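K.L.:
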DNA sequence: CATTCGTGGAA
DNA sequence: TTTCCAAGAAT
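In UniProt numbering, the protein residues as written are 1 to 289.
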């Protein structure tokens, strides 16, 4: 079983890791949970300003739980996947009601929180509570696929298999395991990137199975290219943006202006209402109170 | 296990 | 211009 040179990795992180605000000392578990949720499928650079503004307005779960949903959706801004904002508020409510306002420490309890899945639960357990648990995100999957597996990219995700694979690489000590996960993610974000890997700058280059094999191209099935233009997803985004920018309400005419096709517009509006991102009152749509 | 769900920057 | 993809979760 090939392993990862933890010492080289940690040394690289000390030298090249980004000073992200949620990595500083004294950052609480709620603040870390918040940044992890915001970072789901969203570039970290876009998260930072929103994370700061959010915490300034709602420092903890109690404040967030008491906020109007419309304000929560607005504050989420354009991070994307706005349902995450609603789940985050539900999460705050659960933390307040069932966990005495404190972010749970067990992975199992974390997994039960709205909007918290396999990655986020372990990221919080590890980064916020210092636990030795495997943390597997897209970066880690890619780095391991290359450095250990010798493949250009990771295969289709399989939680059980991915967790077991990374768990086998985890250093035995708790603190070292935490540092390992932070550094592995950072390596994937800065060096072992999806498009143009910077192998010249990689601390794992001397032991990387993919590099040793001559960086062979990915021969597996090509992922179905996800179209976006014309999808319900785009339409939902355009429609919600109308409400976010204005006073929080819009009639059918204003909504029709951003997407003329009544069938698709209607379907998108129905789904937005079903998700709780909008409410309909007669002819007017508005952000939820 | 496969789909759906925003948004924007970079190659 | 088009394509890829970024600290995933829920269904």
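Glycine included, every Cβ here is placed at the ideal spot set by N, Cα and C.
Predicted model only: the values in this text are computed from it and were never measured.
Just list the residues that DSSP pairs residue 251 with in beta bridges.
P.N.:
In the first chain, counting from the first residue as 1, residue 251 sits at position 251. DSSP output for residue 251 lists 284 as bridge partner(s).
K.L.:
May I ask you to report which of helix, strand or coil DSSP gives residue 273?
P.N.:
Within the first chain, the letter at position 273 stands for residue 273. Here residue 273 sits in helix by DSSP.
K.L.:
Can you give the Cα-Cα distance for residue 49 and residue 4, rounded to whole angstroms?
P.N.:
Counted from its first residue, the first chain places residue 49 at position 49. Counted from its first residue, the first chain places residue 4 at position 4. Residue 49 and residue 4: Cα-Cα distance of roughly 34 Å.
K.L.:
Count the other CB atoms, across all protein chains shown, that sit within 10 Å of the CB of residue 41; report buried if there are 16 or more and exposed otherwise.
P.N.:
For the purposes of this step, residue 41 is taken as residue 41 along the first chain, with counting starting at 1. The residue in question, residue 41, is exposed, as its Cβ has fewer than 16 Cβ neighbours within 10 Å.
K.L.:
Quick check on residue 103: does DSSP put it in helix, strand or coil?
P.N.:
Residue 103 sits at position 103 when you count from the first residue of the first chain. The answer is coil: DSSP assigns residue 103 none of H, G, I, E or B.
K.L.:
Figure out for me which residue from 243, 218, 126 and 79 has the closest Cα to the Cα of residue 149.
P.N.:
The sequence position of residue 149 within the first chain is 149, counting from 1. It is 218.
K.L.:
Three-state secondary structure (DSSP) at residue 279?
P.N.:
As a position in the first chain, residue 279 is number 279, starting the count at 1. Residue 279 falls in the strand class under three-state DSSP.
K.L.:
Between the beta-carbon of residue 263 and the beta-carbon of residue 242, is there less than 9 Å?
P.N.:
Taking the first residue of the first chain as position 1, residue 263 is located at position 263. Taking the first residue of the first chain as position 1, residue 242 is located at position 242. Not a contact, by the Cβ cut-off of 9 Å.
K.L.:
So residue 146 is in the alpha helix (DSSP H); what residue range does that whole segment cover?
P.N.:
Counting from 1 along the first chain, the entry for residue 146 is found at position 146. Residues 138-147.
K.L.:
Grouping DSSP H, G and I as helix and E and B as strand, with all else coil, what is residue 40?
P.N.:
One-based indexing of the first chain puts residue 40 at position 40. Note: residue 40 maps to coil in three-state DSSP.
K.L.:
Quick check: the Cα distance between residue 198 and residue 144, rounded to an integer number of angstroms?
P.N.:
In the first chain, the residue the question calls residue 198 occupies position 198. In the first chain, the residue the question calls residue 144 occupies position 144. If I take the Cα positions, the gap works out to 15 Å.
K.L.:
Between the beta-carbon of residue 126 and the beta-carbon of residue 181, is there less than 9 Å?
P.N.:
Taking the first residue of the first chain as position 1, residue 126 is located at position 126. Taking the first residue of the first chain as position 1, residue 181 is located at position 181. Against a cut-off of 9 Å, the Cβ pair of residue 181 and residue 126 comes out as a contact.
K.L.:
Out of 214, 115 and 279, which one is the CA nearest neighbour of residue 94?
P.N.:
Working through the first chain from its first residue, we reach residue 94 at position 94. Residue 94 has its Cα closest to that of 115, out of 214, 115 and 279.
K.L.:
Within a Cβ cutoff of 6 Å, which residues of the same chain sit near residue 207, ignoring the five residues on either side of it in sequence?
P.N.:
Numbered from 1 along the first chain, position 207 holds the residue referred to as residue 207. For residue 207, where only same-chain residues beyond five positions count, the Cβ hits under 6 Å are 5.
K.L.:
In terms of residue numbering, what span does the alpha helix (DSSP H) encompassing residue 182 cover?
P.N.:
As a first step, residue 182 must be located in the first chain, where it is residue number 182. Per DSSP, residue 182 belongs to the alpha helix (DSSP H) from 174-190.
K.L.:
Could you tell me which of 101, 120, 284 and 205 sits nearest to residue 64, measuring between CA atoms?
P.N.:
Taking the first chain and counting its residues from 1, the one referred to as residue 64 is at position 64. Selected option, being the one with the closest Cα: 101.
K.L.:
For residue 278, which residues from the same chain have a beta carbon less than 6 Å from its beta carbon, with the 5 sequence-adjacent residues on both sides left out?
P.N.:
Position 278 of the first chain, counting from 1, holds the residue named residue 278. Cβ within range, chain order: 272 and 285.
K.L.:
Relative to the C-alpha of residue 45, which residue among 73, 60, 78 and 136 is closest?
P.N.:
The sequence position of residue 45 within the first chain is 45, counting from 1. When only C-alpha atoms are compared, the closest one is 78.
K.L.:
With 16 as the cutoff for other CB atoms within 10 Å, does residue 248 come out buried or exposed?
P.N.:
Taking the first chain and counting its residues from 1, one reaches residue 248 at position 248. With 16 or more Cβ atoms within 10 Å of its Cβ, residue 248 is classed as buried.
K.L.:
Mind checking residue 89: buried by the 16 CB within 10 Å criterion, or exposed?
P.N.:
Translated into the one-based positions of the first chain, residue 89 becomes position 89. Classification of residue 89: buried, given that the 10 Å Cβ count is 16 or more.
K.L.:
Going by DSSP, what residue range makes up the alpha helix (DSSP H) through residue 13?
P.N.:
Taking the first chain and counting its residues from 1, the one referred to as residue 13 is at position 13. Unbroken alpha helix (DSSP H) run through residue 13: 6-16.
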